[in-house]
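Right, one structure below, let's go through it.
2 protein chains.
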Amino acid sequence: MNNRDCTKLLLTHEDILIVTHRNPDGDTAASAAALCSALKRSGRTAWVFPNRQLSRKLMRYCGAFFAPAGFQPKYVVSVDVADEKLLCEGFAGKVDLCIDHHPSNTCYAAETFVRGERASCAEIVMELMLEINADLTKEEATLLYIGLATDTGCFQYSNTDAAAFRAAAELVRAGAENVEINTLFFRKVSEARLKLESMIYNSMRFYRNGTIAVATVTLEMLRQAGAEEDDLDDLAGLAGRCENSRVNITIREKEDGSCRVSVRSFRGVDSSAICAVFGGGGHAMAAGCTVKGSPEHVREELVRATERHWS
Amino acid sequence: MNNRDCTKLLLTHEDILIVTHRNPDGDTAASAAALCSALKRSGRTAWVFPNRQLSRKLMRYCGAFFAPAGFQPKYVVSVDVADEKLLCEGFAGKVDLCIDHHPSNTCYAAETFVRGERASCAEIVMELMLEINADLTKEEATLLYIGLATDTGCFQYSNTDAAAFRAAAELVRAGAENVEINTLFFRKVSEARLKLESMIYNSMRFYRNGTIAVATVTLEMLRQAGAEEDDLDDLAGLAGRCENSRVNITIREKEDGSCRVSVRSFRGVDSSAICAVFGGGGHAMAAGCTVKGSPEHVREELVRATERHWS
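Protein sequence lines correspond, in order, to chains B and E.
At position 265 of the first sequence the residue is numbered 265 (the numbering used here), and the sequence of numbers has no breaks.
Convert by adding 1000 to the 1-based position in the second sequence; the result is the number in the numbering used here.
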């Protein structure tokens, strides 16, 4: 299937519902809203499934595209959803067309359009939208920029290739409010988040000449900072800011007396092997596990397991 | 003067010395090194003036292009230097060609090539280099990426336009090590810097419902963190992370019993007017002043002046 085939599929259907994945990120939410806008402009009835898990920031840009109560779709399109298990409840077995950029896509839909080389689903949707209407509105460009910028960590992640930069150039040319989006999604945080970061950086401990960095987030810290769910984005990334660290461990205390552990590592250390010691798993560069005990106890256990794995 | 005229000027001269500005940033240092590389590849003798103020990170990429002792230049080119006063000592009145992107350039050189619409000098130098050699080496692309990425705050600042993104696409296509540069310049910091950020976030005070945010950096904090000069980049930007703040004030204690104050504000508040109260100055959105007294005293004074200016 190419861009034209996929566009034809979309345009030969009516009453389209676009669905996002659970724990929605900027790419799934904003790509869905942008595609919805383009279909509406081409004269179709189209809505986005009201995924109530959207963050406040994403709601502000995508909420206007949520389907009204009682909308009966005749065609269901998923965007940025690699696996049926990640769909919001009730959509398994019901997706007519899946548009995605994950190479791991399980082809669960009746028809699948995957371009696994793309950094974001927004780039694929942008090309489809240019087939549908030949142009982008300022609002559409801003939505696609949200998808592209969030999935590339504002052009810092290793998936940022020449195509991602070319797409960004096209979106900014079309009027995307890139500065506002950057400020809202990457720069500004709540006072609670700043307090929490202060405590997390203060909690950091280093081992093996700084090559192992461990950050701890206790329930007491969350309470003291007054942090809410929206303040907890990518806490596991903070430990990775240390210049000498090769293994970054983030320990988050849970209510039930255990800790959720996230391990991220650079080449040469297998995060999933370290987490497997505690019954967890994941990938070589990012893995997780849950360990019983206090944060201090869990820290000792994790550092010991990391040192044993390393040597 | 267009790209071709500027290239011709460069190629009709020999023994070229490229000079950078004082307090060198990534754009001046890496643009100079990249241009030097292209001139060398075209058969010219060219070197970069050894500006000893370069940070360790920049030295790692640009140090190899520093002129050897005793090099006698016949043609001096400045890169990213808006004003003669910003040149390293000894170059006033001696610049044959100035290549720059600052609209405020004072035309101090014998010939001047300014493109004031560009976000970075690296983009201008890239175009000249493509005229000189028709291609970029991987090393040259990486150097130009350093200039472009540092001057746009890794594509977050308001100067990031479609042309900047198009240049980034071209540089990544040419092999620029963008991920390594992003990690080194934007992501990784020293343990001392993390400790210092922890203390700065902890020091923050908010006024007028969080619309005024004040960060304090004391000598004791710098000592406790073990911070060196390289750890102090853009401290004035930290206060601006608070989502509700419209005026961000950073107070840095000095050895002589006074404090250096940096004020940054959004539309509607004039930073330079606030700083003028204390004999300082600057622009509407970023200004500075020096105020006698302890950090606590200076904080009170600044908050009072800001509230008075606002109402």
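Ideal Cβ placement from N, Cα and C applies to all residues, glycine included.
Is it true that the CB of residue j sits closer than 7 Å to the CB of residue i?
i, j, result
"T142 of chain B", "A174 of chain B", "no"
"C259 of chain B", "I249 of chain B", "no"
"P1050 of chain E", "F1066 of chain E", "yes"
"W1047 of chain E", "L1087 of chain E", "no"
"M204 of chain B", "M221 of chain B", "no"
"A1164 of chain E", "T1150 of chain E", "no"
"A1239 of chain E", "A1192 of chain E", "no"
"E253 of chain B", "L219 of chain B", "yes"
"S120 of chain B", "L148 of chain B", "yes"
"R1022 of chain E", "V189 of chain B", "no"
"S1158 of chain E", "V179 of chain B", "yes"
"N3 of chain B", "E123 of chain B", "no"
"S271 of chain B", "V263 of chain B", "yes"
"S31 of chain B", "V172 of chain B", "no"
"D135 of chain B", "P73 of chain B", "no"
On the DSSP bridge list, what partners appear for residue i?
i, result
"W47 of chain B", "B:L17"
"C62 of chain B", "In DSSP, C62 of chain B forms no bridge with anything."
"K1292 of chain E", "E:S1258"
"E1111 of chain E", "E:L1097"
"L87 of chain B", "B:H21"
"S55 of chain B", "Note: S55 of chain B sits in no beta bridge, so no partner."
"S1078 of chain E", "E:V1019, E:C1098"
"V1189 of chain E", "B:C242"
Kindly indicate which residue of the options has the alpha-carbon position closest to the one of residue i.
i, options, result
"N202 of chain B", "B:V217, B:D230, B:Y157", "B:V217"
"D96 of chain B", "B:P50, B:Q156, B:L148, B:F113", "B:F113"
"C6 of chain B", "B:V79, B:P295, B:S55, B:G70", "B:V79"
"A168 of chain B", "B:R187, B:I181, B:Y145", "B:Y145"
"G288 of chain B", "B:G63, B:G279, B:W310", "B:G279"
"V1277 of chain E", "E:T1306, E:D1256, E:G1257, E:S1265", "E:T1306"
"F1206 of chain E", "E:F1185, E:G1226, E:N1002, E:N1244", "E:N1244"
"E117 of chain B", "B:H101, B:C107, B:A110, B:E131", "B:H101"
"M59 of chain B", "B:S272, B:A29, B:C121", "B:A29"
"D25 of chain B", "B:L35, B:L54, B:L9, B:E14", "B:L54"
"P1295 of chain E", "E:G1240, E:F1091, E:G1257", "E:G1257"
"C1062 of chain E", "E:A1033, E:A1082, E:R1223", "E:A1033"
"Y1075 of chain E", "E:V1019, E:A1162, E:C1107", "E:V1019"
"I1212 of chain E", "E:E1180, E:Y1157, E:G1268", "E:G1268"
"I181 of chain B", "E:K1195, E:W1310, E:G1090, E:F1155", "E:F1155"
"A1109 of chain E", "E:A1082, E:I1132, E:F1266, E:A1119", "E:A1082"
"T183 of chain B", "E:T1160, E:V1189, E:V1179", "E:T1160"
"R1308 of chain E", "E:C1275, E:T1290, E:E1014", "E:C1275"
"K1008 of chain E", "E:N1133, E:L1171, E:L1194, E:V1291", "E:N1133"
"M1001 of chain E", "E:G1282, E:R1115, E:A1286", "E:R1115"
"G1293 of chain E", "E:G1282, E:E1255, E:A1286", "E:E1255"
"K1138 of chain E", "E:K1057, E:F1091, E:E1170", "E:E1170"
"T45 of chain B", "B:T12, B:A284, B:K57", "B:T12"
"E1089 of chain E", "E:R1052, E:I1099, E:C1098", "E:R1052"
"L194 of chain B", "E:R1187, E:M1129, E:V1214, E:K1094", "E:V1214"
"D27 of chain B", "B:K57, B:L10, B:G43", "B:K57"
"E131 of chain B", "B:L10, B:F91, B:N209", "B:L10"
"I99 of chain B", "B:R208, B:A92, B:L35, B:R246", "B:L35"
"V247 of chain B", "B:R187, B:A92, B:R304", "B:R304"
"W1310 of chain E", "E:H1283, E:A1273, E:R1166", "E:A1273"
Can we count residue i as close to the ligand MN, meaning its CB is less than 6 Å from some heavy atom?
i, result
"A1162 of chain E", "The ligand MN is not part of the structure shown, which contains no ligands of any sort."
* Asked: Three or more C-beta pairs closer than 8 Å, one from the segment 292 to 307 of chain B and one from the segment 1028 to 1042 of chain E: is that the case here?
  -> Contact fails: fewer than three Cβ-Cβ distances are below 8 Å.
* **beta strand (DSSP E) segments (min. 3 residues) lying fully within the segment 234 to 288 of chain B** => 247 to 253, 258 to 265
* Asked: Is there contact between the segment 1224 to 1239 of chain E and the segment 229 to 248 of chain B, where contact requires at least three CB pairs shorter than 8 Å?
  -> no
* Output the residue ranges of the beta strand (DSSP E) runs that lie fully inside the segment 1195 to 1231 of chain E and measure 3 residues or longer, sorted by chain position. => As far as the segment 1195 to 1231 of chain E is concerned, its whole beta strand (DSSP E) runs of at least 3 residues are 1205 to 1207, 1212 to 1217.
* Minimum length 4: unbroken alpha helix (DSSP H) runs contained in the segment 147 to 192 of chain B -> Correct list: 162 to 173, 178 to 182.
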